[in-house]
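J.: Residue numbers (this note's numbering), protein chains in the order written: chain A, 1 to 273; chain B, 274 to 563.
Backbone N, C-alpha and C define an ideal beta-carbon position, used for all residues, glycine too.
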Amino acid sequence: MSSTSQRRRLVVTRPRPTARTALSVLLIGAFVLAFLGLDTTDDLIHQGGLQAAARLARSLLAPDLSPEFLVIVLDATLVTVSYAVAGMTVAIVIGIPGAVIVSGVLVRGRRARAVSSVLSRGTFGFLRAMHELVWALLFLAILGLTPVAGILAIGVPYGATLARVLGEHLQNAPKEVILALRSSGASRWQELVYGRVPVASGDIVAYLAYRFECAVRAAAVLSFIGLGGIGYRLNLALHDFRFDRVWPLIAALVGLIAIIDVVSARTRRTLQA
Amino acid sequence: MSEAPAPRLRRSVGRSAVDARHVLVAVLCVVGVVAAWWFVLAQATGPLPTPATVLGRTAAFIGNLLGAATDAPPAYAQLERWVDMSGLVFDTLVMSVLAMGLAGAGALVSIGSASRLMMVGDVGTRRQVLGRAVLLLTRGTHAVLRSVPELIWAMLIVFVLRPGILAGAIALALHELGVLGRLGSDVLDDLDPAPLRSLRSAGAGSPQLLMYGALPQVLPQLVTYLLYRWEIVIRATVVVGFITGAGLGHQLRLSLSFRRWTEVALVLLLYVLIVWVVEAIASWLRRLAR
Numbered sequence: 001m002s003s004t005s006q007r008r009r010l011v012v013t014r015p016r017p018t019a020r021t022a023l024s025v026l027l028i029g030a031f032v033l034a035f036l037g038l039d040t041t042d043d044l045i046h047q048g049g050l051q052a053a054a055r056l057a058r059s060l061l062a063p064d065l066s067p068e069f070l071v072i073v074l075d076a077t078l079v080t081v082s083y084a085v086a087g088m089t090v091a092i093v094i095g096i097p098g099a100v101i102v103s104g105v106l107v108r109g110r111r112a113r114a115v116s117s118v119l120s121r122g123t124f125g126f127l128r129a130m131h132e133l134v135w136a137l138l139f140l141a142i143l144g145l146t147p148v149a150g151i152l153a154i155g156v157p158y159g160a161t162l163a164r165v166l167g168e169h170l171q172n173a174p175k176e177v178i179l180a181l182r183s184s185g186a187s188r189w190q191e192l193v194y195g196r197v198p199v200a201s202g203d204i205v206a207y208l209a210y211r212f213e214c215a216v217r218a219a220a221v222l223s224f225i226g227l228g229g230i231g232y233r234l235n236l237a238l239h240d241f242r243f244d245r246v247w248p249l250i251a252a253l254v255g256l257i258a259i260i261d262v263v264s265a266r267t268r269r270t271l272q273a
Numbered sequence: 274m275s276e277a278p279a280p281r282l283r284r285s286v287g288r289s290a291v292d293a294r295h296v297l298v299a300v301l302c303v304v305g306v307v308a309a310w311w312f313v314l315a316q317a318t319g320p321l322p323t324p325a326t327v328l329g330r331t332a333a334f335i336g337n338l339l340g341a342a343t344d345a346p347p348a349y350a351q352l353e354r355w356v357d358m359s360g361l362v363f364d365t366l367v368m369s370v371l372a373m374g375l376a377g378a379g380a381l382v383s384i385g386s387a388s389r390l391m392m393v394g395d396v397g398t399r400r401q402v403l404g405r406a407v408l409l410l411t412r413g414t415h416a417v418l419r420s421v422p423e424l425i426w427a428m429l430i431v432f433v434l435r436p437g438i439l440a441g442a443i444a445l446a447l448h449e450l451g452v453l454g455r456l457g458s459d460v461l462d463d464l465d466p467a468p469l470r471s472l473r474s475a476g477a478g479s480p481q482l483l484m485y486g487a488l489p490q491v492l493p494q495l496v497t498y499l500l501y502r503w504e505i506v507i508r509a510t511v512v513v514g515f516i517t518g519a520g521l522g523h524q525l526r527l528s529l530s531f532r533r534w535t536e537v538a539l540v541l542l543l544y545v546l547i548v549w550v551v552e553a554i555a556s557w558l559r560r561l562a563r
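Below you can see the structure in the form of structure tokens.
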């Protein structure tokens, strides 16, 4: 059994070397061309750059761990997490109904489903195309400096992404489950609640956790439009050449992401146990 | 294949719907969300905008983008402005390609030492303690690289490197190396260990094991991941351009601060177009990798 399947795999993968060679040539060629296209008249490292790098490296060994600064780090971390949570709630409010619409599972008839899917995919595709910080700049221009700009900057693009990805999870429910429910007289709505959602729940939670991690990273750089958090403190430290304050802030961000990793894995297990 | 989903369905239907653990998770979530909103909104220095103001100002902003604020012909309707901007589009593309190349090369070199299968156990190196140490170090490096967003890498890098396309590409590549390193080492860990074990017992050293046993199997998957990440990197390239002063991102920041709204519209239009074009190219290339 295993030997035949292995032999079959060999036969399947073997006969397309040309496509793969072409791909390798394309990718490596694009990279080399991009390098050759660079303007190299200026030096890559600017004056004093090496000293700055050395100071950054040295400060890694002597970070500022004074209690006053650690309180600042803790506060910045809490602000960043809170922005991420607030942004994610907006994203979920947009994304979960969006996912149901994108997947078209509640609509009857093939044509109605195609129309709903194309319309919503187009809209959400446009919202999704822009990075959250570009949204942050736009909301800053619209609303001025307010936390609402930061929340919406995370919530709007992430909501659109959730709609697409979760919509695909809902669509991909195994046919047997859906047919079993349908043959026992379930409505479309019951099909969704008792069939598609439970089957996809593990994937949905995993994806939400991943997006939350991304939201934390995005929230950390909202300082870019003048909002608080880890990035804001990092900016201050860099402007004052306080390199010893850079590393504790980066450590807080890395630790935060690690904690989310562990908690999300545990939550997933609790939900699935 | 048709058997696979059955146990999951039975498990979720057979259990009582409300369970103490579910309640606990739900309560913790609600408390956390309320606390977070309160904390964020407490950061406000002025009064918060109401939903009506948000909608009204958004509508006005869209009007500005379309050219309501000025009598001059909108930038997006002038062919020469499109031509002017094409150089920036090219720079943005070059930055993303450089970033993916650097990150891909780094991942290729480092995923072997980030894979548990390749470093410890009977397939791993003979010096197990050393293998374990290298494994932890590489995995830790990947985790740090990917936890820090591109923009923060860019903020640090402009202290050392001259701002420009290459500095931006390196900032992007650092974050991407962390992501690709994790994805690639996971693929390596999922390999069937048997062929690797026989290579090892035939006397292959670790580099040979990686070159002839593992990489040929994981390379197509790795290239697929690389192309998927390119779609994400092209979005981030614009943002890194804010800091490293290159490409469309730089132009977007300038146009916004000079309040040239129709120029902002043109830059955004080019941005969305470039993202869609990259998505199309990447999905075409992915088909070649399969």
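Mind pulling the alpha helix (DSSP H) runs of 4 or more residues that sit fully within the segment 520 to 549 of chain B?
T.: 520 to 530
J.: Name the chain B residues whose beta carbon is nearer than 7 Å to that of Gly285/A?
T.: Outside the displayed span of chain A (1 to 273) sits residue 285/A, for which this structure offers no information.
J.: Please report the Cβ distance between Val550/B and Ala372/B, rounded to the nearest whole angstrom; I am assuming they are in contact, meaning their Cβ atoms lie under 8 Å.
T.: That pair is no contact at about 17 Å.
J.: Just to make sure I have the definition right: I need the residues of chain A whose C-beta is within less than 7 Å of the C-beta of Val370/B. Which are they?
T.: Ala30, Phe31 and Ala34
J.: By how many angstroms is the C-alpha of Pro468/B removed from the C-alpha of Thr4/A?
T.: Note that Thr4/A has pLDDT 48, beneath the 50 cutoff, so the model's placement of it is unreliable and no number is given.
J.: Kindly indicate if chain E contains any beta-carbon less than 9 Å away from that of Met373/B.
T.: Absence of chain E from the displayed structure is noted, the protein chains being A and B.
J.: By a C-beta neighbour count over all protein chains shown, 10 Å radius and 16 as the cutoff for buried, is Arg7/A buried or exposed?
T.: Any reading at Arg7/A needs caution, since the residue's pLDDT is 49, under 50, leaving its predicted position unreliable; the model's value is listed next. Counting Cβ neighbours within 10 Å, Arg7/A comes out exposed, since fewer than 16 surround it.
J.: Chain A beta carbons: is any one of them nearer than 9 Å to that of Val286/B?
T.: Confidence is the limiting factor: at Val286/B the pLDDT is only 47, short of 50, which leaves the residue's position unreliable, though a coordinate-based value still follows. Taking Cβ atoms only, chain A reaches closer than 9 Å to Val286/B, which makes this a yes.
J.: Taking the continuous alpha helix (DSSP H) assigned at His318/A, which residues delimit it?
T.: A question about residue 318/A goes unanswered here, because the residues of chain A that appear run from 1 up to 273.
J.: Determine the direct distance from the alpha carbon of Ala325/B to that of Val85/A, and round the result to whole angstroms.
T.: 23 Å
J.: With a threshold of 9 Å between beta-carbons, can Ala325/B be considered close to chain A, or not?
T.: no
J.: Out of Ser116/A, Phe212/A, Leu179/A and Arg128/A, which has the shortest C-alpha to C-alpha gap to Val262/A?
T.: Phe212/A
J.: Going along the segment 297 to 311 of chain B in order, which residues come within less than 7 Å of chain A, judged by CB to CB distance?
T.: Val298, Gly305, Val306, Ala309 and Trp310
J.: Considering only residues of the segment 370 to 423 of chain B, which uninterrupted alpha helix (DSSP H) runs meet the minimum length of 4 residues and lie entirely inside it, listed in chain order?
T.: 389 to 392 and 401 to 420
J.: If we call anything under 9 Å between Cβ atoms a contact, is Leu445/B one with Val396/B?
T.: The criterion of a C-beta distance shorter than 9 Å is not satisfied by Leu445/B and Val396/B.
J.: What in chain B is Cβ-close to Thr267/A, meaning under 7 Å?
T.: Val298
J.: Kindly list the residues whose CB is nearer than 7 Å to the CB of Asp203/A, restricted to its own chain and excluding five residues on each side of it in sequence; keep chain order.
T.: His169
J.: In the DSSP output, what is Leu434/B paired with across the bridge?
T.: Ile45/A
J.: According to DSSP, simplified to helix, strand and coil, what is Val313/B?
T.: Residue state, collapsed to three classes: helix.
J.: Are the beta-carbon atoms belonging to Tyr349/B and Thr535/B less than 9 Å from one another?
T.: yes
J.: Return helix, strand or coil for Val156/A, following the three-state DSSP convention.
T.: helix
J.: With DSSP run on the structure shown, which of helix, strand or coil describes Gln481/B?
T.: helix
J.: What are the residues of the segment 457 to 489 of chain B that lie near chain A, defined by any Cβ-Cβ distance shorter than 8 Å?
T.: none
J.: Does any CB atom of chain A fall closer than 9 Å to the CB of Tyr498/B?
T.: no
J.: If we call anything under 9 Å between Cβ atoms a contact, is Pro155/A one with Ile94/A?
T.: The amino acid occupying residue 155/A in the given sequence is Gly; Pro does not appear at that position. Yes, these two residues count as a Cβ contact at 9 Å.
J.: Between Val197/A and the rest of its own chain, which residues show a CB-CB distance below 8 Å, the 5 nearest in sequence each way excluded?
T.: Excluding five sequence positions before and after Val197/A, the CB atoms of its chain that fall closer than 8 Å to its own CB belong to Leu170 and Ile204, given in chain order.
J.: Please tell me whether Ala76/A has its Cβ less than 9 Å away from any Cβ of chain B.
T.: no
J.: Does the beta carbon of Thr365/B sit closer than 9 Å to a beta carbon anywhere in chain A?
T.: no
J.: Measure the C-alpha to C-alpha separation of Val545/B and His448/B and round it to an integer number of angstroms.
T.: Val545/B and His448/B have their C-alpha atoms spaced approximately 22 Å apart.
J.: The segment 112 to 127 of chain A: which residues have C-beta closer than 7 Å to a C-beta of chain B, in chain order?
T.: Phe126
J.: Starting from the C-beta of Ile72/A, find all residues in its chain whose C-beta is less than 7 Å away, skip the five residues before and the five after it, and write them out in chain order.
T.: Arg233
J.: Are at least three pairs of beta-carbons, each pair with one atom in the segment 113 to 126 of chain A and one in the segment 90 to 105 of chain A, less than 8 Å apart?
T.: With contact defined as three or more Cβ pairs closer than 8 Å, the segment 113 to 126 of chain A and the segment 90 to 105 of chain A are in contact.
J.: Could you check whether Trp189/A and His157/A sit closer than 9 Å to each other, using their CB atoms as the reference points?
T.: The amino acid at residue 157/A is misidentified as His; the sequence shows Pro. No, Cβ-Cβ distance for Pro157/A and Trp189/A is not below 9 Å.
J.: Find the residues of chain A that neighbour Thr331/B, judging by a C-beta separation of less than 8 Å, and give them in chain order.
T.: Listed along chain A are Ile142, each with a C-beta nearer than 8 Å to that of Thr331/B.
J.: Quick check on this structure: which residue in Gly305/B, Arg533/B, Ala299/B and Ala442/B has the alpha carbon closest to the alpha carbon of Ala376/B?
T.: Ala442/B
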